[in-house]
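Undergrad: Structure provided below as structure tokens; questions to follow.
In my numbering, the protein residues as written are 63 to 326.
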């Protein structure tokens with residue numbers, strides 16, 4: 063009797079090991095994390111940290127897959143989709159890059175946007191649309207990226223030659239402070255960081271756009287990933303959202319809860 067019980071226990075044990083081996087993820091996901099706070103930025107020791115790194119590692123833990131994260135400038139983050147150099151890019155605003163068609167979007171959160179203006183063009187009673195429609199106000203943004211602009215806004219500004227492109231978020235604010243450009247749209251979380259931690263936002267005026275929430279998430283390379291990868295990563299994001307893990311990750315980096323919606 064004891065031998066039979068022992069044999070049964072051994073059978074169960076080895077069956078579990080066999081199942082674990084067969085279900086173990088064989089993939090390595092190479093991730094491009096957008097170089098902007100709070101996605102990817104250096105801590106005091108110079109180590110790259112941020113919600114992009116934490117979300118990537120959480121995906122690895124949930125799926126059982128190995129994850130390697132690189133920090134990539136915003137304009138190159140999108141190009142990585144076209145060049146097939148990464149499996150995942152994050153966190154990106156939905157359909158805001160010219161190479162978005164090369165990837166499949168998985169929503170993670172929604173972020174609120176703000177209009178940032180130079181005091182010289184600020185009008186107390188103006189609506190956001192009035193700034194967009196003003197023929198003398200020049201806007202600035204990132205090369206090849208729609209960023210926090212709506213598609214129709216950006217098309218209209220470019221058509222009127224009222225849009226100046228640059229390589230990174232710091233340059234956008236510098237252009238506005240110098241008066242080369244007058245205004246821009248930012249995710250509220252990112253602009254708040256510049257206000258609190260740099261001098262780049264000093265003197266600039268922030269106007270909340272309470273009606274606009276921007277879907278932000280992960281892009282999977284269509285060439286480098288499969289339907290199974292998509293299902294696994296969607297499942298991991300859903301799990302993180304439902305169990306509160308996403309909210310904890312953003313809170314860890316001091317992201318204002320009011321500027322984020324965890325129902326993508």
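Even glycine gets a Cβ: it sits at the ideal position worked out from N, Cα and C.
Alpha helix (DSSP H) containing residue 311: first to last residue?
TA: 307 to 314
Undergrad: Leaving out five residues on either side along the sequence, give the residues of the same chain with a beta carbon under 7 angstroms from the beta carbon of residue 268.
TA: 176, 178, 253.
Undergrad: According to the neighbour-count rule (16 or more other Cβ atoms, all chains shown, within 10 Å of its Cβ), is residue 223 buried or exposed?
TA: Answer is exposed; the Cβ neighbour count stays below 16.
Undergrad: Using 8 angstroms as the Cβ pair cut-off and three pairs as the minimum, do the stretch 141 to 155 and the stretch 181 to 201 touch?
TA: No, the stretch 141 to 155 does not touch the stretch 181 to 201.
Undergrad: Can residue 114 and residue 142 be called in contact, C-beta distance under 8 angstroms?
TA: no
Undergrad: Assign residue 215 to one of three DSSP states: helix, strand, or coil.
TA: helix
Undergrad: Taking the alpha-carbon of residue 314 as reference, which of 324, 116, 271 has the nearest alpha-carbon?
TA: Considering only 324, 116, 271, the residue with the shortest C-alpha distance to residue 314 is 116.
Undergrad: Count the CB pairs spanning the stretch 223 to 235 and the stretch 192 to 205 that are closer than 8 angstroms, and state whether there are at least three.
TA: yes
Undergrad: Judging by CA-CA distance, which residue of 316, 259, 135, 301 is the nearest neighbour of residue 170?
TA: 301
Undergrad: Measuring straight from C-alpha to C-alpha, what distance separates residue 280 and residue 131?
TA: Rounded to the nearest angstrom, the two C-alpha atoms are 13 angstroms apart.
Undergrad: Give me the residue from 273, 133, 195, 242 with the minimum Cα distance to residue 108.
TA: 133
Undergrad: Could you check what DSSP says for residue 398 in three-state terms: helix, strand or coil?
TA: What is shown of the chain runs 63 to 326, which leaves residue 398 out entirely.
Undergrad: In whole angstroms, what is the alpha-carbon distance linking residue 182 and residue 262?
TA: Cα-Cα distance, rounded: 16 angstroms.
Undergrad: Tell me the rounded alpha-carbon separation between residue 82 and residue 123.
TA: Since pLDDT at residue 82 reaches only 39, below the 50 mark, its modelled position is unreliable, and no value is offered.
Undergrad: Am I right that residue 199 and residue 244 are in contact with their C-beta atoms under 8 angstroms? What's the rounded C-beta distance?
TA: Under the criterion of beta carbons closer than 8 angstroms, residue 199 and residue 244 qualify as touching, at roughly 5 angstroms.
Undergrad: Where are the alpha helix (DSSP H) runs, 4 residues long or more, that stay fully inside the stretch 109 to 157, in chain order?
TA: 113 to 125, 136 to 145
Undergrad: Quick one: what's got a C-beta closer than 8 angstroms to residue 271's C-beta in the same chain, skipping five residues either side?
TA: 174, 175, 176, 177, 190, 247
Undergrad: Kindly identify the DSSP beta-bridge partner or partners of residue 172.
TA: Residue pairing of residue 172 in beta bridges, as defined by DSSP: 277, 323.
Undergrad: Would you kindly work out how many angstroms separate the C-alpha atoms of residue 165 and residue 312, rounded to a whole number?
TA: 24 angstroms
Undergrad: Residue 107 by DSSP, collapsed to three states: which one?
TA: For residue 107, the secondary structure class from DSSP, reduced to helix, strand or coil, is coil.
Undergrad: What's the C-alpha gap between residue 210 and residue 274?
TA: One C-alpha to the other measures close to 10 angstroms.
Undergrad: Looking only at DSSP bridge pairs, what is residue 92 linked to?
TA: 130
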